[in-house]
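For reference, the structure discussed in these notes is given below.
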Amino acid sequence: MDLVIIGEQSLHNEYDFQFYWLYREPLLLAMPSSHPGSLKEKVSLTDVSDLPLFWFSRNANPVFYDKCENYFQQLPFLLKRCKEPDDSLVMLSSISRGKGIALMPRSMCIFNQKGLCYRELDEVAAQSLNIDVYAAIRKHETKEIVINGLNSLLNRKGV
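Residue numbers (UniProt numbering): 1 to 159.
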């Protein structure tokens, strides 16, 4: 691949690739609509601390995982976690039945189901819990089509 769009900058490839920041994707909280916290426009993790967070293995995305874990370590309580199912629809169905919560990129919060809602995170959480999206190319890329594609992406950032 000549040009990739990735969530979070991979640190172990910084010598081989050049990364260009595109935008910050906010995370929303997928939560049961029956939960008292769902009445708020913006929710903190403290508001839903009675529910476990569906969470993934660090192997799936170490940089993003560590970014989130750093925030979780600052919470005044121990965030309960349960294994995220392989199928996101199974997870969302479980959430609708009050079995937990999940952090999801805003662009993926399109599935509607009775008992499920999405809420923005409060300001403090939103500053740390997000996905920085980058375009990456080889460090010494010379292909004109790749350079033009990258420039096109970078020029659209403000659109």
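Ideal Cβ placement from N, Cα and C applies to all residues, glycine included.
Query, Result
"Buried/exposed call for R81, threshold 16 Cβ in 10 Å", "exposed"
"Within 8 Å, strictly: CB atoms of P32 and I95", "yes"
"Whether I101 touches L29 by CB criterion (8 Å)", "yes"
"Cut-off 8 Å between Cβ atoms - residues of its own chain near L48, not counting five sequence neighbours on either side", "In the sequence on display, residue 48 carries Val and not Leu. Closer than 8 Å at Cβ, skipping near neighbours: L29, M31, H35, G37 and I101."
"Residue nearest to F54 in terms of C-alpha spacing, selected from M91, M108 and L121", "M91"
"Sub-8 Å separation of L3 and V133 beta-carbons", "no"
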